[in-house]
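Participant: Under mature numbering (1 follows the signal peptide of the UniProt record, and there is no 0), the letters of the sequence shown match residues -24 to -1, 1 to 392, in that order.
Note that CB positions come from ideal geometry on N, CA and C, so glycine has one too.
First, the structure itself, so that you have it in front of you.
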Amino acid sequence: MKRHFLSIVASCVLLLALATSASAAGFALYEWSARGNALGGTLIGRADDPSAVAYNPAGMTQLDGTQIALGVSLAAPSTDVKTTSATGVETTTGSKDAVFPIPHFYVTHKINDKWAVGFGEYSRFGLGFGYDKDKFPGAYNVYDAQIKSFSLNPNVAYKITDRLSAAVGVEYIHVDVAIKKKYHPLLGGTSKLTGNGDGVALTAGLHYNLDKWRFGVGYHSQAKVDADGKTKISGTNDAAAVGAGALPNGKYDTSTSIVLPDMISFGVTYYPIEELSIEVAAVNTRWSTYRNFDLSVETPAGDKTVAQPKDWKDVWRIGVGAEYAINDTWTVRGSYTYDEAPENSKYVDYMIPAADRHLLGAGVGYKINNWTIDLAYTYIIAESVNYDSSVSSGVSKGKSENGVTHIGAITVGYAF
C-alpha cells in the first residue's frame, strides 16, 4: 500500500506544474489544500497538517514522523460583462465555461523533538478566463488570459521552547503568461503574448501554543520576476499596418519585469472544547509592489515600450473558520472569508476586474488508520465592477456583474 501511494506521489509531483490557474482577488491564490479551502485559509494558527508548509511552516514541529499530502482544487469561474457603446447600445457577454486545476503536494518529516523539515509544491498566483473574441466588445483590451504559476518551497522548523516554534524557507516561483486580444479595429488581426519567468522569495513562520489557544504568523517575501517571451501578431494587413506606424504580422521578442507582493498572515485559534476549534485569520498582501505592467517589444525600428500602469494597493483578506471532530473518523468544517480587491479604479480593465469577493467554504475530513481524505467546496461571490471608457486600452463603459466561482477540492494524506 505504501509503495503504491509513493508511486502515485511521484507521478503527481511531475504533473503539478502543468496547470495552475484560477480567478482571484488580484491574481493571488490561496487554495493550498482541501482542508484549507473549507476553513477559508484559517490554518495559520492551527498549522497542524502537512499544508503548514504553505500556510505557516513553523507548525511542522507539531507533526510526528513523515507525512505526505497531495491533491487538487478545481476552480470554475464565470462572470458577465455589460458594455455600452458610444451610440448607447448595450451588450452583455458571458465568460466561457472553463475549469482550472490548482494542484498541491506536501511532505514533512520530524527529525527529532526540536527539528522538522518540509517541502511543498503549490501555487500562489494564477488567473484564467476567456470570452468569444467575435462577440465581446472588449476584445481589443483582452479576450483570453491565463497566468499559471507554481512554487517549490523547502522549509526547516525549530522548536525554541515547548510552546514556541519558528521556521524559515526558500520559495522558487515559476510563472507562465498567455494573453490574447484583438490587434487593431481598423487593421484587423489578433495579438498573442506568451512568456515565462522565475523569481525567488523567502518564507518564514512563528507558532505559539498556549493551552486552549494557538497563535501563528506566516510570511512570504516579495519576488522579482523577469519574464521573456514573444508577441505574435497575425491576420492583419501588413502594408496598411506599416503605413499606419503599427507592427505587421510576425513574432517579436518581448520582455517585462514585475515584483510579486510579499504576504504576511496572522491567525488565532481557540479550542473551547477538545473537539472544536475556531480560528480568525487575516492576510495582508502588499500589492503596492505592482506599479505597472510595461512590455518592452523588440521591433525592426528598435525597442518599443508598451506602458500599462497599474498602481495597485495593499489589501486584506479576513476570514473565520470552524472545525468540529464528530468522532475519531469524521470531521466537519465551515468558513466565511472577505477578500479585498487591490486594483486601482483608474486603471481597471477586463483582465483583472477590481471586485471584492465573499467566500463561503464547507468541507469534511475522513480518517482511517494512517490515511486522511479531505473534501471541500467553496462558493465565491464577486461584487460588481464599473468600467469607464478608455479608447486607448480598449475598455468600454459598462460593468462586470454576476461574478461567481465554484471550487471543489480533494486532498489525500498518509502518515508513515
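Which one of S141, I209, G106 and P237 has the shortest CA to CA distance from G226?
Facilitator: Numbered from 1 along the sequence shown, position 250 holds the residue referred to as residue 226. G226 has its Cα closest to that of I209, out of S141, I209, G106 and P237.
Participant: Per DSSP, which residues does R190 bridge with? Please list them.
Facilitator: For the purposes of this step, residue 190 is taken as residue 214 along the sequence shown, with counting starting at 1. Per DSSP, N185 and T245.
Participant: Starting from D279, trace the beta strand (DSSP E) in both directions and tell me its first and last residue.
Facilitator: Counted from its first residue, the sequence shown places residue 279 at position 303. From DSSP, the beta strand (DSSP E) with D279 extends over G278 to V282.
Participant: Need the endpoints of the beta strand (DSSP E) that Y300 sits in, please.
Facilitator: As a working mapping, residue 300 is identified with position 324 in the sequence shown. V291 to A301 is the extent of the beta strand (DSSP E) around Y300.
Participant: For V29 and M36, what's the separation of their Cα atoms in angstroms?
Facilitator: The count along the sequence shown starts at 1 and reaches residue 29 at position 53. The count along the sequence shown starts at 1 and reaches residue 36 at position 60. Those two C-alpha atoms are separated by around 7 Å.
Participant: Report yes or no: do the segment 17 to 26 and the segment 112 to 120 share at least 3 C-beta pairs separated by less than 8 Å?
Facilitator: no
Participant: Expressed to the nearest angstrom, what Euclidean distance is found between the alpha-carbon atoms of K90 and Y31?
Facilitator: If you number the sequence shown from 1, residue 90 lands on position 114. If you number the sequence shown from 1, residue 31 lands on position 55. Whole-angstrom Cα-Cα distance: 20 Å.
Participant: For S167, which residues of its own chain have a beta-carbon under 6 Å away from its beta-carbon, when the five flanking residues on both sides are left out?
Facilitator: In the sequence shown, the residue the question calls residue 167 occupies position 191. Closer than 6 Å at Cβ, skipping near neighbours: K157, Y159 and I209.
Participant: Quick one, which of L182, L178 and S99 has its alpha-carbon nearest T137's?
Facilitator: Here residue 137 refers to the residue found at position 161 when the sequence shown is read from its first residue. If we check each option's Cα against that of T137, L182 comes out closest.
Participant: Kindly indicate which residue of G171, V151, I234 and G379 has the alpha-carbon position closest to the one of N200.
Facilitator: Here residue 200 refers to the residue found at position 224 when the sequence shown is read from its first residue. The question names Asn, but residue 200 is Lys in the sequence shown. Checked all of G171, V151, I234 and G379; the closest Cα to K200 is I234.
Participant: Along the chain, where does the alpha helix (DSSP H) that runs through V120 open and close?
Facilitator: In the sequence shown, counting from the first residue as 1, residue 120 sits at position 144. Per the sequence shown, the amino acid found at residue 120 is Asp instead of Val. In the DSSP assignment, D120 falls outside any alpha helix (DSSP H) and lies within the beta strand (DSSP E) extending over D120 to K135.
Participant: Looking at C-alpha atoms only, which residue of T265, T275, I386 and E255 is the closest neighbour of R22?
Facilitator: Residue mapping note: residue 22 aligns to position 46 of the sequence shown, counting from 1. Closest option to R22, Cα to Cα, is E255.
Participant: What residues match up with F101 in a beta bridge as DSSP calls it?
Facilitator: Looking up residue 101 in the sequence shown gives position 125. Paired residues: A4.
Participant: If you follow the alpha helix (DSSP H) that D214 is part of, which residue opens it and which one closes it?
Facilitator: For the purposes of this step, residue 214 is taken as the residue at position 238 of the sequence shown. Element bounds for D214: D214 to G219.
Participant: Give me the Cβ distance between A52 and I386, rounded to the nearest whole Å; I'm assuming they're in contact under 8 Å.
Facilitator: For the purposes of this step, residue 52 is taken as residue 76 along the sequence shown, with counting starting at 1. For the purposes of this step, residue 386 is taken as residue 410 along the sequence shown, with counting starting at 1. Contact doesn't hold; Cβ gap of about 15 Å is too wide.
Participant: Measuring alpha carbon to alpha carbon, tell me which residue in H80, F76, K109 and T69 is nearest I44.
Facilitator: In the sequence shown, counting from the first residue as 1, residue 44 sits at position 68. Per the Cα distances, H80.
Participant: How would you write the range of the beta strand (DSSP E) that R309 sits in, first residue to last?
Facilitator: Along the sequence shown, one-based indexing puts residue 309 at 333. Residues W306 to D315.
Participant: Please list the terminal residues of the continuous alpha helix (DSSP H) segment that includes N13.
Facilitator: Numbered from 1 along the sequence shown, position 37 holds the residue referred to as residue 13. Counting along the chain, N13 sits inside the alpha helix (DSSP H) bounded by residues A10 to A14.
Participant: Under three-state DSSP, which class holds S253?
Facilitator: Here residue 253 is taken as the residue at index 277 of the sequence shown, counted from 1. Strand, per DSSP.
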